[in-house]
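Residue numbers (my numbering): 248 to 503.
For each residue, glycine too, the CB sits at the ideal point set by N, CA and C.
These numbers were taken from a predicted model, which means no experiment stands behind them.
Remarks on the structure that follows.
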Amino acid sequence: MHTLILEPHGPVLLIRLNRPEALNALNQQLMQDLAHTLIVADADDAIRCIVLTGSDKAFAAGADVKEMQNLTYAEVASADLYGPPASIIARIRKPIIAAVSGYCLGGGCELAMLCDFILASDTARFGQPEVNLGIIAGMGGSQRLTKLIGKSKSMEMHLTGRMMDATEAERAGLVSRIIPMADLVTEALKTAATIAAKSQLAIKAAKESVNRALETPLSEGLLFERRAFHACFATEDQKEGMQAFLEKRPARFSDK
Ligand code: HXC
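Structure representation (structure tokens):
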């Protein structure tokens, strides 16, 4: 698989997008490879958290314009261009952290938002510049960016195609933290290791519950969260986690 570089780091799988000749532009092969890799990782008990990154210069500069240029409406509509891999990535149950440096544009920004949270380097630049090409976002950008940063800023980004730097992206709520570029992947791996050390039952319940906030009305999300919270009391990890706290020692989670 030449579109991706896979690096296991204990329980964390680091996936590097690998099309440096095109600033990691997302062609269909890369998206298929990524979806396949994530399905395999999701089913692998040895992997507990995933980090997705690009290069220092670009997380991904968008969908591959050269590949799309001559496609017709009939071709993109019948293939549901970018729909299947995006749906697969959105359904991965293990946490995925996007570690973003450099350009994160168009489909690249949409891919980062398909992850569970974004750690950005101080050089990161985000944008939805599809309008400059006579198209619009097609992998969730108009929906997810609007939910994350609000209508006014999202609308401006989509209508003008301008880029946001890391500071603006953090202030707007797109990015959880900014990290110096040289430390980005190390810090993302450290964050992933922290997540990997928790009860995976609780981690899945937390991820599903937070995602409900974007996908359902508040009353449904609150009910989902409460039921998932109650279900945690059926686990051995809840007993161990609370006992360890009271005994002032680290918890030993068994994912049961
Ligand atoms: C294909 C791309 C590309 C892309 C860059 N390249 N972005 N190839 N698709 N999205 C290629 C360039 O053609 C060039 O190849 C090489 O990468 C280096 O890029 P340069 O432009 O020379 O680099 P630079 O001058 O530093 O400019 C960086 C840039 C610019 C500002 C990021 O490349 C740019 O504007 N890229 C396009 C951004 C964009 O419009 N993205 C949205 C795409 S549409 P050569 O062969 O010339 O060296 C989209 C739709 C999503 O994402 C909808 C569903 C997924």
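Asked: From Arg474, Ala305, Pro255, pick the residue whose C-alpha is nearest to that of Asn265; which is it?; Found: Ala305
Asked: Any idea if Val457 is buried or exposed, counting beta-carbon neighbours within 10 angstroms, 16 or more meaning buried?; Found: exposed
Asked: Is it a yes or a no for the region 404-419 touching the region 437-445, going by three-plus beta-carbon pairs under 8 Å?; Found: no
Asked: Beta strand (DSSP E) containing Gly374: first to last residue?; Found: 372-374
Asked: Taking C-alpha atoms, which residue in Asp292, Ile425, Gln375 lies nearest to Phe364?; Found: Ile425
Asked: Residues in its own chain within less than 8 Å of Arg372 by CB, not counting five upstream and five downstream?; Found: Gly349, Tyr350, Cys351, Leu352, Met410, Met411, Asp412, Ala413
Asked: On a CA-only basis, which of Ala478, Ala307, Leu470, Leu465 is nearest Pro376? Give me that one, please.; Found: Ala307
Asked: Under three-state DSSP, which class holds Ala444?; Found: coil
Asked: Can you tell me which of Gln276, Val347, Ile336 puts its alpha carbon nearest to the alpha carbon of Ala310?; Found: Gln276
Asked: Under a Cβ-count criterion, where at least 16 other Cβ atoms within 10 Å of its own Cβ denotes burial, should Asn317 be classed as buried or exposed?; Found: exposed
Asked: Answer yes or no: the CB of Asn265 versus the heavy atoms of the ligand HXC, is any distance below 7 Å?; Found: no
Asked: In whole angstroms, give me the CA-to-CA distance for Leu395 and Ala384.; Found: 15 Å
Asked: Excluding five sequence neighbours on each side, which residues of the same chain lie with their C-beta closer than 6 Å to the C-beta of Ala345?; Found: Leu299, Ala359, Cys362, Ile365
Asked: Among Ala443, Ser423, Ile294, Met428, whose alpha-carbon lies nearest the alpha-carbon of Thr370?; Found: Met428
Asked: Shortest alpha-carbon distance to Leu448 belongs to which of Phe476, Ile335, Pro267?; Found: Phe476
Asked: Following a CB-centred definition, is Asn317 positioned closer than 7 Å to any heavy atom of the ligand HXC?; Found: no
Asked: Any idea what DSSP makes of Thr319, helix, strand or coil?; Found: coil
Asked: Look at the alpha carbon of Ala324 and the alpha carbon of Gly330, and state the distance between them as a whole number of angstroms.; Found: 10 Å
Asked: To which residues does DSSP link Met410 through a beta bridge?; Found: Gly374
Asked: Here's the rule: buried if 16 or more other CB atoms are within 10 angstroms of the residue's CB, otherwise exposed. What is Ala290?; Found: exposed
Asked: According to DSSP, which residues form a beta bridge with Arg263?; Found: Ile252, Thr300
Asked: Note down the Cα distance separating Thr284 from Ser501, rounded to an integer number of angstroms.; Found: 25 Å
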